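Residue numbers (my numbering): 523 to 1051. One structure below.
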Amino acid sequence: MRRLALAAALLCGTALAIPAPAGAQVFRWANDGDVNPMDPYGRNETFLLTFNSNIYEPLVRRNKEMQVEPALAARWEQPSPTVWRFHLRPGVKFSDGTPFTAEDVVFSAQRVRAQGSNLQAVLASVKEVRKVDDATVEIETLAPNPILLQELTTWGIMSKAWAEKNNATKPADLTSKEESFATRNAMGTGPFRLVSREPDRKTVLERNPGWWDKPTHNIERAELNIIANDATRVAALLSGEVDFVYTVPPQDVTRIGNTQGVRIIQGPELRTIYLGMDQQRPELLKSDVKGKNPFQDVRVRKAMYQAIDVNAIQRTVMRGQSKPTGLMWGPGVNGYLPADDTRLPVDIEGAKKLLAEAGYPNGFGVTMDCPNDRYVNDEAICTAAVSMLARIGVRVTLNAQTRARFFAEVNGPRYNTSFYMLGWTPATGDAHNAIYNLIASRDGKARGVFNNGGLTNARIDELTDLIAVETDAAKRQAMISEVGKITREEALYIPLHQQQIVWAARNNAEVVQTADNYFQLRHVRLQTK
């Protein structure tokens, strides 16, 4: 009967909940939004990257202190300034028993750079990834790259044999609603393997008994439960239905902290939340202005910027759990200087005057795209911005939707947005990552993929290329600071704040929090009852 039930579930395309073994340590956790997709190259988004890192592993990874350490590569050296030679860890197998070899690394390099991949930037500086022998690969860069190792930490290696067997050799383009076998299935070398997948409801992982590393976690099974409602998610934690909550509503932090048996885990995050504007199209897609694009006028962009009161958002929406910023990268990121972190002042009358000078004395209307289940209080932040912009006559229609729909709408290659809210964590821990992905102009390949507004600035493009190869720290910092100054003075973006990472856990669960907001099951330990 059990076999019949399993077969029926598979035929219906649904996952069957498989009970955990008797006495196993089961870790149950919750988030407001789902991981989508299972494909490790499907979306460059922190929650997806951190979840899939439990299954897929990179050549090098970050430890609890966020320092780079060996993973699938046991060691490496540089025969020349542009060549990195990686010696692969011997004896590693994928969870289906297939040996891990250099062929998988070369295949994964081709796949991560293919159309549909959202992680092309991780190898943007790379000229070639080549096999030396089964246990050795070389990565040759176009020019010396001082942060290559940091860039590789988010690149999970896939099995060439598994992808070929399941017709998943190319990533599905989520912006076109494509799917492949890898969208709902996964198979890697990591500490856990996928057991069942019920999108927007539950995803279950179990310990990979053949993992190459020595486990420091003590869980046999991990169940991610999607609980979109804030009150319901918090109630599940307080009642003991779940052991851990990844996204904690700011309004419930004090209540959770004062409840016996649970605790708040809080720290600064590297992510910057910001507003972006379409500066490329001659006419906005979602506006009542016809025949021209108001965001191509720096006076309009500055007016929008100076209407947004980030300190008010910090007080009322974020309840103090954010750090207002004037930069697109924040404290903890290499290249951040407090002296650079200044904002254009809030100036309502000045903003009105700028709009009038630009030809919009009565303002204009525009639609704002916003997620409602991705960042801390994301929809509430957007709602506050709508009210603030109304003070200068900009009439904003808010379009808030779930992360899957939102990202498919605003991200490339469609960029179907005129005004939007997004967040960005430099995966390398370096300002160049934000500059390359967000501020540099799109080159049709990897650069500027997340420059959703299509802005262009020749000097920033020049600096982006120079920063990538500059090894003199002082010269490199001066160039990073210049990018920050241009971005502010031209109001290319409206940075808002760095949000706090706020997790909550029951006292029986030991977890490790890092500033990149990665939650890794390999660090989780449950106290035995």
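Just so you know, even glycine gets a beta-carbon here, dropped at the ideal spot from N, CA and C. Keep in mind it's a predicted model, so treat the numbers as computed, not measured.
query	result
With a threshold of 6 Å on Cβ separation, who are the neighbours of VAL991 within its own chain once the five nearest residues in sequence on each side are excluded?	ALA665, PRO666
Roughly how many whole angstroms lie between the Cα atoms of ASN1030 and PHE714?	21 Å
Using 8 Å as the cut-off, can you tell me whether the segment 785-793 makes contact with the segment 1020-1034, which would need three or more C-beta pairs spanning the two stretches below that distance?	yes
From ASN973, TYR1015, ASP952, pick the residue whose C-alpha is nearest to that of ILE1002; which is it?	ASP952
Taking 8 Å as the cut-off, decide whether the C-beta atoms of TRP677 and VAL644 are in contact.	yes
Run the CB neighbour count on THR1009, radius 10 Å, all protein chains shown included, and call it buried at 16 or more, exposed below.	buried
ALA646: buried (16+ other C-beta within 10 angstroms of its C-beta) or exposed?	buried
Whose C-beta lies closer than 6 Å to the C-beta of ARG652 among residues of the same chain, with five residues either side of it excluded?	GLU660
Residues bridged to ASP952 by DSSP?	ASN856
Can you tell me whether PRO867 sits near the ligand SAH, meaning its C-beta is under 7 Å from at least one heavy atom of the ligand?	Ligands displayed in this structure: none; no statement on the ligand SAH is therefore possible.
Would DSSP call ASN640 helix, strand or coil?	coil
Which same chain residues, not among the five before or five after GLY783, have their C-beta less than 7 Å away from its C-beta?	ARG1028, ASN1029
ALA995 to GLN818, Cα distance in whole Å?	34 Å
For THR718 and GLN836, what's the separation of their Cα atoms in angstroms?	With the sequence shown as reference, residue 718 is identified as Ser, and Thr is not the correct amino acid for it. SER718 and GLN836: Cα-Cα distance of roughly 39 Å.
Name, in chain order, the residues that DSSP records as bridge partners for GLU720.	LYS724
Going along the chain, which unbroken runs of the beta strand (DSSP E) with 3 or more residues stay wholly within the segment 846-924?	886-893, 916-923
Taking LEU760 as the reference, give the member of ARG550, GLN637, ASP695, VAL1046 with the closest Cα.	ARG550
Considering only DSSP beta bridges, list what SER844 is partnered with.	GLN1021
By the three-class DSSP mapping on this structure, what secondary structure does GLU1012 have?	coil
Of all the beta strand (DSSP E) runs that stay within the bounds of the segment 560-598, which reach a length of 3 or more residues?	582-584, 590-592
Exposed or buried, what is THR889 when buried is set at 16 or more other beta-carbons lying within 10 Å of its beta-carbon?	buried
Return helix, strand or coil for PRO693, following the three-state DSSP convention.	coil
Run through DSSP, which three-state label would THR838 get?	helix
Nearest to ASP800 by CA position, among THR781, GLY779, VAL822, is which residue?	VAL822
Less than 8 Å between C-beta atoms, sequence neighbours within five positions excluded: which residues of the same chain meet that for ASP987?	none
Which whole-angstrom value is the C-beta distance of TYR827 and LEU866, which I expect to be below 8 Å?	5 Å
So the beta strand (DSSP E) ILE1041 belongs to, where does it begin and stop?	Strictly speaking, residue 1041 in this sequence is Phe, with Ile absent from that position. Where PHE1041 is concerned, there is no enclosing beta strand (DSSP E), given that its DSSP letter is neither H nor E.
With three or more C-beta pairs closer than 8 Å as the rule, is the segment 971-985 touching the segment 755-770?	no
Would the beta-carbon of VAL1034 fall within 8 Å of that of LYS687?	no
Can you find at least 3 beta carbon pairs, one from the segment 692-701 and one from the segment 560-568, that sit closer than 8 Å?	yes
Does the distance from the CB of TRP851 to the CB of ALA930 come in under 8 Å?	no
So, at 6 Å on beta carbons, what are the nonlocal neighbours of THR919 in its own chain, with the 5 sequence-adjacent residues on each side left out?	THR889
Quick one: what does DSSP say GLN782 is sitting in, helix, strand or coil?	coil
In or out: SER630 buried (at least 16 other Cβ within 10 Å) or exposed?	buried
Can you give me the start and stop residues for the beta strand (DSSP E) that MET709 sits inside?	That residue, MET709, is in no beta strand (DSSP E); it is neither H nor E in DSSP.
Exposed or buried, what is THR623 when buried is set at 16 or more other beta-carbons lying within 10 Å of its beta-carbon?	buried
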